[in-house]
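Number of protein chains: 2
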Amino acid sequence: MPSAPSSAPLESYHTQHSPFGAFASFTLGLVDSPGGFGHALRGPAQQNLYIGFRPSTKSDWNLLPYFTPPKSNEVAFVGELAVPQAPKNYRSLRPGDYDRQLGWASDTWRAGDDRFTFSLLTPFSRVPDPAKLTAADARLHLAPLVSGFIEYDNRQGKTPAELIFGLGEPDRGLHPLSDDASPLAGFACGTEYAYATKPGRGIELRQGFDVFSPKFRDYRGLLVIGGETALVFTVPAGQKKRFPLVLAFYNAGQITTGLPASYAYTRHFSGLPDVLAHGLKNHARYAKIARDRDAELTRSRLNVDQQFLLAQSTHSYFGNTQLLWHRGKPLWVVNEGEYRMMNTFDLTVDHVFFELEWLPWAVRDTLDLFVRRYGYTDRIRTADRLAPGGLAFTHDMGVMNHFTPPGRSSYECDDVEGCFSHMTMEQLLNWILTAVTYAEKTGDRPWLVRKKKILLACAESLRRRDHPDPKKRDGILKHDSSRTGTHGWEITTYDSLDVSLGQARNNLYLAVKTLGAWVLLENAFARLGLKKESTSARATSDLLARSITQKFDPATGFFPAVFEKGNQSRIIPLIEGLVYPLYLGYRDAIDPAGRFAPLFDQFRQHLAQVFKRGICLDETSGGWKMSSTSRNTWFSKIAISQHVIRQLFPETLSPEALAADRVHADWQRRPGCGAFAMCDQILSDTGVVCGSRYYPRGVTAWLWLLEK
Amino acid sequence: MPSAPSSAPLESYHTQHSPFGAFASFTLGLVDSPGGFGHALRGPAQQNLYIGFRPSTKSDWNLLPYFTPPKSNEVAFVGELAVPQAPKNYRSLRPGDYDRQLGWASDTWRAGDDRFTFSLLTPFSRVPDPAKLTAADARLHLAPLVSGFIEYDNRQGKTPAELIFGLGEPDRGLHPLSDDASPLAGFACGTEYAYATKPGRGIELRQGFDVFSPKFRDYRGLLVIGGETALVFTVPAGQKKRFPLVLAFYNAGQITTGLPASYAYTRHFSGLPDVLAHGLKNHARYAKIARDRDAELTRSRLNVDQQFLLAQSTHSYFGNTQLLWHRGKPLWVVNEGEYRMMNTFDLTVDHVFFELEWLPWAVRDTLDLFVRRYGYTDRIRTADRLAPGGLAFTHDMGVMNHFTPPGRSSYECDDVEGCFSHMTMEQLLNWILTAVTYAEKTGDRPWLVRKKKILLACAESLRRRDHPDPKKRDGILKHDSSRTGTHGWEITTYDSLDVSLGQARNNLYLAVKTLGAWVLLENAFARLGLKKESTSARATSDLLARSITQKFDPATGFFPAVFEKGNQSRIIPLIEGLVYPLYLGYRDAIDPAGRFAPLFDQFRQHLAQVFKRGICLDETSGGWKMSSTSRNTWFSKIAISQHVIRQLFPETLSPEALAADRVHADWQRRPGCGAFAMCDQILSDTGVVCGSRYYPRGVTAWLWLLEK
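For the protein sequence lines, the chains are A and Y, in the order given. Mind the numbering: the first sequence is residues 0 to 707 in numbering that gives the first Met the number 0, read in order. Mind the numbering: the second sequence is residues 0 to 707 in numbering that gives the first Met the number 0, read in order.
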């Protein structure tokens, strides 16, 4: 995939390189910044990385700029007896000195007239249900490792060249793998992470205060108290050599509290030496998978900016995945980036498209856990009483490896108007939409049958939230859950974006999402042979569509974002709820001339007006703004809206709206977001992240690959 | 124990509060600095601690100054929707506002006209051999916890007062203990650490972005995504209440590499809830032990500065202790402060006096492990050849929870002149001195018998290092081990202090230490019935004493520190080697008028001259300098020399030398050292640490309690 064009300013961004389900990342890429191995962190680790080459042993090292200037820790030992010198014989390559290409499952750097190549591979493939994996497949899919290689083409060289891959971690210290009875060449940090290559001629281990010019060497050439470690590879004159690398993670024992669970991979790997040996043995196999993924993206219709956005998003998604094992069964978690909330339902519903392609069982398992542990029944607050409510689900299942008690999230508080309130209606919709999308896409009919009662309860719960009196219902949520306390109000997933998107009652975005839910229920009930319920759902969606139609303001040609208090915010994601029928191919619901034609016509009018600078295109940057009244905009949600609009309302996209992929990609590949790998909440004028760092949700861009 | 007198400047120092053998500390005490729970760290943790009181719920909180101003992390969640306020309704007490008293096993703060009391208790007692502990005793001695209480005397109050004990850790997050099925009131961070009190009326849990004025509360009054946690206690008007606290650590699974081992306490405790419950159940028992230890120190003859130094040292010693379990047996490690080298022999030999009182089996086990795994046989480098050497031992057993391979340390390098070279002779002496001191003090005759061959090999090794030709021997080390490579030289434990103390060959300090070793060997061989060997050892020590005598320079009245190259450094620890016969009460060896009278007379002349400003009292501070030519001085070694000199050469101590306890204590209780709890390597002019932070070795001051 081509890198940013030469007209772009500084490209400098971290990327998470992560195994599947290990909640671990090897992060690097931000210029002049450290990174490295991290378990369950909210952002990049802080290890110096020494990755580079020198054409001869007399030249200075050329290093990719992924470190802060190393200091020798010698002084802590020698006091005033010497003035330790910081390492000197290296230079930090500037972005103009190297080329970086981020693929879907790779990240590759070239420098020194392309003689030097360094690549990290994060192959991913369709993962079978972990509950049914064979032992061999489990090792293949669950290996907690990142693959890679380092290469030098010295065919024209007159002297031996050298390559280096190293890491500085003075706080923890590493040790040579040979001390773990491993035959491999490399280093481990405790039992938690390690890097290695195959041993052989021309491969040297270094450890000490300075890996470039080691001053102190013990019987095997190392100084184990030194916090700097490296592998140094010699490439003889006249040869081209590529050396495999494996980066391994391991975290044994109890990982989570609340529900005590351990990593699934610990059932299949005994520890770091086992993981490393497996990685080197299967190096070619993993490289092939990575190449296949890369090629799929490159061959797609996506433009280079879109390709970059999906690649960067996929990397961060896997960095947040966590496959645990609890009482003999898999326990799936996607962590929420810097917040590290667990299985946040707002994310589950957005990840569904990607996950149904690559790991559909994860969607099912998460839905089941929401039913089993994180469902609840509330009442609804009317003007004069608490009326019967219904089934709903929590916002999340916990935070930072802690599962909250049954029926309770880590996030939702009482008596709050705004952020940290409950998202009862939103999560009810999320269960319906995710469940039906899963069942319809995978054809898992038995599962749908088992969930019949839940779906019926969800439909009833939806209705009651509209109005206790069936005669007064119009399909739109108008009441708050009793969980919000005496004066709080329900919020939506867009809690922190803008009041126009935050309030759940009389909310445009939520109303159309409700429409999507009823359309899916209609189909699910039909599939289950529940004709009456299906008909009733269809009637409700027709009613709701008409109700929304009436909120349109012909004078302005816009929908207000909230049907209250004269709100005049203009929002893009009013059509977000259409993505589910679109994804499932429910033609009658997505036909612009079909049953919702009047509503679609209004959507078209609305959208045709928003893609202007100062409305929903940022005045300064031209990037998409989810709301005209907020400069906080969310990439993952832009991606969904782009997909829906390109598929259903392509004529509303102004040339500037179409050109914004470049803007969105630049946000991510410059330090404003790039310091935290994939970021979701971004200030649309500056392109600087304002929340949701190190975030998994960008994989909504996967939808783009489905476009014709 | 009284605190520093009012004339002293700012008292501000961290203290490690540590369980026995858990390599863990709850550190606090440096003004305006965080601290808290740390496992295996090289310095204080970085958690904000909220410990204080307010006389009414309308007053601001008065907090001990052990935090940086808390910031609300709300902004990461709400973006620009709100401007989150940092907590405001508190004030940070200034050192003049509170009184702190560090006891041997306690650390107590009083404020608010003594109405407020906070105390941490680290009871320690004689620990029986872990290999033979009953299950009940194991739980008592190995519980990985720190005890404490918080109290308010509101008998004169008109309104309810409140107490707070809390902790901020946004990087990791904590969760309420009730989620771990614990009946206690408190919080845990994963499975790794926790704090708790007994639940009851007037005890409230707080968690969120601001524990002083929580803005968001869930169904149980918390916000689990918030990184700030606290227990808030209400003390009704007219009452005085004391609430128990327990701080617990837990680290499951494999802890070390090289030799894979886990914590011994994991065999007796199932996890944090178990540790906490045990701590609260046995709170009174632990408090009694702490009071007993405190009283022993207070009742001693030590002056207040000496008491402080021993108390602070003992706290850091326990913070570095680590009782592991390996293949069904205990595995004892003392870690080396910031360097975290394991069982560094230079420290073992200095800890021996303290450990023989409190945990004598630890000395034995460490000696055994040095024989079993960390002994080696070298050759010695003469001018023209490699001559037979002998048995010796490594400098350490590994670093940062990694055991190095058999026969190898983490520190010693080849071909080095100075720091990081081998310490062959030093460690050989250390084994002899530690072994005989252990066996003689404990009367463990069977062990001594089992080690007969080792002792004989040690004696032979000592002789060969003097000279390959027995006829040319004078008792002084004159050759370097083949391990030092082709041109390196052996160093002593004083490697980083001064060249005058660093070089092993012809070294005054090492020569007298060798004398001590021969005296101990003489006695050990006699005890073993090896008359010939005993006689021979006695002859060697007589020869050596005469040889040292000849190095004295009558012109100056000094010994040179190194018998080479016209060295003119004056050192205090020339008499360090006498501590062993002194400790064991070998009267003939320590009688100033006895067999070594000429030598002792020269020692006396030397010492009588060094305790002057500009020689071995620092020109600026008046503190003891180990060498006249280095401003790097080591507290743990000062303590040994003070003991030996007060017992054997008291007349040499100038009034200024005697007054220096205050100087040495001030070094430790001011931020120059206090930022890292007990420090060993200190710049004698400024009192600022220059190495060996967070260090265990200050327990050499234990020797002071033996003085009559």
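Don't be surprised by glycine CBs; every beta carbon is placed ideally from N, CA and C. Bear in mind the structure is a predicted one, so any value in this text is a computation, not a measurement.
Query, Result
"Start and end residues, beta strand (DSSP E) containing Arg-53 of chain Y", "47-53"
"Beta-carbon proximity of Ser-533 of chain Y to Glu-489 of chain Y, cut-off 8 angstroms", "no"
"Which listed residue (Y:Ser-620, Y:Val-698 and Y:Ile-570) has its alpha carbon closest to that of Ile-644 of chain Y", "Y:Ile-570"
"Chain Y contacts from the stretch 388-422 of chain A (Cβ-Cβ distance under 7 angstroms)", "Val-398, Met-399, Asn-400, His-401, Thr-403, Pro-404, Arg-407, Ser-409, Tyr-410, Glu-411, Cys-412, Asp-413, Val-415, Gly-417, Cys-418 and Phe-419"
"Interface positions of the stretch 321-344 of chain A facing chain Y (Cβ-Cβ less than 9 angstroms), listed along the chain", "Glu-337, Tyr-338, Arg-339 and Met-340"
"Phe-562 of chain Y versus Asn-342 of chain Y - alpha carbon distance", "31 angstroms"
"C-alpha gap between Arg-378 of chain Y and Gly-484 of chain Y, whole angstroms", "11 angstroms"
"Partner residues on chain A for Asn-505 of chain Y, Cβ-Cβ distance less than 8 angstroms", "The premise fails here: Asn-505 of chain Y is roughly 19 angstroms from chain A at the closest Cβ pair, so nothing lies under 8 angstroms."
"Nonlocal neighbours in the same chain, by C-beta distance under 7 angstroms from Ala-130 of chain Y, ignoring five residues either side", "Lys-328 and Pro-329"
"Identity of the residue in Y:Asn-281, Y:Gln-306 and Y:Leu-454 nearest Arg-292 of chain Y by Cα", "Y:Gln-306"
"Reduced DSSP secondary structure (H/G/I, E/B, other) of Gly-406 of chain Y", "coil"
"Proximity test, Cβ basis, 8 angstroms: Ala-247 of chain Y and chain A", "no"
"Cα-Cα separation between Ser-2 of chain A and His-486 of chain A, rounded to whole angstroms", "A caution first: Ser-2 of chain A carries a pLDDT of 42, below 50, which makes its placement in the model too unreliable to give a value."
"Chain Y within 8 angstroms of His-486 of chain A, Cβ atoms only", "no"
"Paired residues, beta bridge with Arg-380 of chain A - DSSP", "A:Leu-385 and A:Asp-479"
"Cβ-Cβ distance between Asp-59 of chain A and Tyr-89 of chain A below 8 angstroms", "yes"
"Collapsed DSSP secondary structure at Val-415 of chain A in the structure displayed", "coil"
"Short CB-CB distance (under 8 angstroms) between Ile-224 of chain A and chain Y", "yes"
"Leu-573 of chain A vs Tyr-508 of chain A beta-carbon contact at 8 angstroms", "yes"
"Nearest residue (CA-CA) to Glu-150 of chain A, options A:Leu-704, A:Pro-469, A:Thr-196 and A:Leu-527", "A:Thr-196"
"Cβ pair Thr-233 of chain A, Pro-159 of chain A closer than 8 angstroms", "yes"
"Proximity test, Cβ basis, 8 angstroms: Gly-172 of chain Y and chain A", "yes"
"Opposing strand residues paired with Ile-490 of chain Y [DSSP bridges]", "Y:Gln-502"
"Distance between Asp-170 of chain Y and Glu-337 of chain Y (C-alpha atoms, nearest Å)", "23 angstroms"
"Interfacial residues, the stretch 606-632 of chain A to chain Y, with Cβ spacing under 7 angstroms", "Asn-631"
"Where Pro-129 of chain A sits in the DSSP three-state scheme", "helix"
"Contacts of Cys-689 of chain Y in chain A (Cβ-Cβ under 7 angstroms)", "Gly-78 and Glu-79"
"Proximity test, Cβ basis, 8 angstroms: Tyr-264 of chain Y and chain A", "no"
"Ala-187 of chain A: contacting residues in chain Y (beta-carbon distance under 8 angstroms)", "Thr-256"
"Lys-87 of chain Y, DSSP secondary structure in three states", "coil"
"C-beta atoms of Phe-344 of chain Y and Phe-369 of chain Y nearer than 8 angstroms", "yes"
"is_contact[Arg-216 of chain A, chain Y] using C-beta, thresh 8 angstroms", "yes"
"Ser-118 of chain A to Leu-246 of chain A span [Cα, whole Å]", "12 angstroms"
"Own chain residues within Cβ distance below 8 angstroms of Ala-659 of chain A, not counting five before or after", "Leu-616, Gly-621, Gly-622 and Trp-623"
"Contact belief for Ser-495 of chain Y with Gly-690 of chain Y at Cβ below 8 angstroms, rounded distance in angstroms", "6 angstroms"
"Between the CA atoms of Leu-258 of chain A and Ala-538 of chain A - distance to the nearest angstrom", "42 angstroms"
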